[in-house]
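Numbering (this note's numbering), first residue to last: 59 to 403.
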Amino acid sequence: MKSKLWLYIIASVVTLLIIFFPPYTVWFQTSNFAADLEKKETPKESNEDVSNSLEKKGTDYKSLSELLKEWKYEVNINSLDGEIELINGKIRVTLYQETPVLKVNGEFAPLSKPPLKENQDFWLAPETIKEVERVINDQSKIKEIPAVAKQRVPVKQMIRYLSFLEVPIKGAHVSTKESQLPGAPRAYRNGYHEGIDWYDYTSGVKITKKTPVYSIADGIVVRVDHDYKELTAKERARLLKLSSIYDRTPEYALDKLRGRSVWVQCEKGVLARYVHLDLVSKDLKVGDRIKQGDYIGNVGNSGTSEGVLGNSEGLHLHLDLLIYGEWFWENYTMKERRKILENIF
Ligand SMILES: [Zn+2]
């Protein structure tokens, strides 16, 4: 009798176990476990998926490190400034982090989707990859770079080389203050002033947000910031903090501090970069061929400490001049720089 009762209890427990923990739960768990195992066994593939593509606004970017496995070009990467130089024989192509331009053998061209930097790598959009492959194999880009861009030439020779340029603000003269000329120190960002400033009180003309800026030469519009959004004070402070960390301002950060910009690639390898603008001409389009004296935009203070506050203080035009990608002023003393500028403007 006792053993029958035990048999009955055991049978009941087994039945209850089957009801509450049916075998398919175990099978289900097993199959899940198998799936997990599969995932764990192929982490390489899934990790590569993550690191090999980056999607931004519907564009799949490819990593530079992956591209360099296919590209047989020589490469120089300046991670701090965000610059990637690719070399194919006599053709050098430079890409700039977050800056929509391309430099090909010292001359600038437009680039709609600039490289991004994330996860310790640079990322290139498909159209950027195509554009790089096109220009780096284009033999017509091979150019003889003149001496003025490579070494110090006599001041007179430099003046002659740049004499085709016109002053960008009507009636204005070169600043009376050294601090507004190229090469003047800029302690707040651990660097140097790279261009030429035209301020109200130092250029002999009244400068307001209504002051028009004109093209200093014929050229092709490389960049025009129609959709510029002013930095916030916080963003600007973050960029300046980078310059204290690195002891100089990284190039991609400097680009943001220049505010609303227009870049024009002119003749003789001269790049004119008009920055801190308040507005740009609605008629300007990237790729347009413009003439000397064409309207570029109005003077402003975008990207500056005053600009981020939204006031009208510190208005000035800042113009950068590069010859085949090199500063025209680097091999000269401040006195010589002034002499060159006063002769050309
Ligand atoms: Zn300036």
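Just so you know, even glycine gets a beta-carbon here, dropped at the ideal spot from N, CA and C.
These numbers come from a predicted model, not from an experiment.
Under the three-state reduction of DSSP output, THR266 falls in the coil class, being neither helix nor strand. Taken atom to atom, the span from the alpha-carbon of ARG294 to that of ASP276 is near 33 Å. If you measure from each CB to the nearest heavy atom of ligand 1, the residues under 6 Å come out as HIS251, GLY253, ASP255, HIS376. In the DSSP annotation of this structure, the continuous segment of the beta strand (DSSP E) that includes VAL333 starts and ends at 328-333. Counting of Cβ neighbours within 10 angstroms places ASN356 among the buried residues, the total reaching 16 or more.
The residues VAL206, in chain order, have a CB closer than 6 Å to that of TYR219 in the same chain once the five nearest residues on each side in sequence are set aside. Residue pairing for VAL282: DSSP places it in a beta bridge opposite VAL320. In the structure shown, the three-state DSSP call for SER301 is helix. C-alpha of VAL133 to C-alpha of LYS161: approximately 14 Å in a straight line. Going by beta carbons, ARG347 and ILE278 fall inside the 8 Å limit. Apart from sequence neighbours up to five positions away, the residues of its chain that approach PRO243 with a beta-carbon distance below 7 Å are TYR250, ordered along the chain.
In this structure, the CA atom of GLY372 is about 16 Å from the CA atom of GLY253. The continuous alpha helix (DSSP H) containing THR186 extends over residues 184-194. Beta-bridge partners of TYR119 (DSSP): LEU112.
For ILE398, the enclosing alpha helix (DSSP H) begins and ends at 392-402. Shown here, VAL211 sits in coil according to DSSP, grouped into three states, outside any helix or strand. With distances taken between CA atoms, GLU141 lies nearest to LEU182 out of LEU182, ASP285, THR269. Contact between the segment 364-371 and the segment 298-315 is not established, with fewer than three Cβ pairs separated by less than 8 Å. With distances taken between CA atoms, GLN155 lies nearest to PRO172 out of PRO172, ILE145, ILE227, ASN163. Fully enclosed alpha helix (DSSP H) runs of no fewer than 4 residues occupy 213-220 of the segment 200-263, in order along the chain.
Rounded to whole angstroms, the gap between the alpha carbons of THR260 and CYS324 is 27 Å. The C-alpha of PRO204 lies about 43 Å from the C-alpha of GLY116. With contacts defined by Cβ atoms closer than 8 Å, PHE166 and LEU329 form a contacting pair. In this structure, the straight-line span from the alpha carbon of ASP258 to that of LYS127 is close to 53 Å.
For THR391, the closest C-alpha among the options PRO168, LYS208, ARG192, LEU239 is that of LEU239. For TYR353, the uninterrupted beta strand (DSSP E) segment begins and ends at 353-356. For VAL193, the CB contacts under 8 Å within the same chain, skipping 5 residues up- and downstream, are ILE149, VAL151, LEU160, VAL162, ALA167, LYS199 in chain order.
Here the C-alpha atom of SER319 lies approximately 26 Å from the C-alpha atom of ILE303. Annotated three-state conformation of ASP336 is coil, per DSSP. Burial is judged here by how many other beta carbons sit within 10 angstroms of a residue's own beta carbon; SER301 has at least 16 and is buried.
For TRP129, the closest alpha carbon among the candidates THR234, ILE187, ILE265 is that of ILE187.
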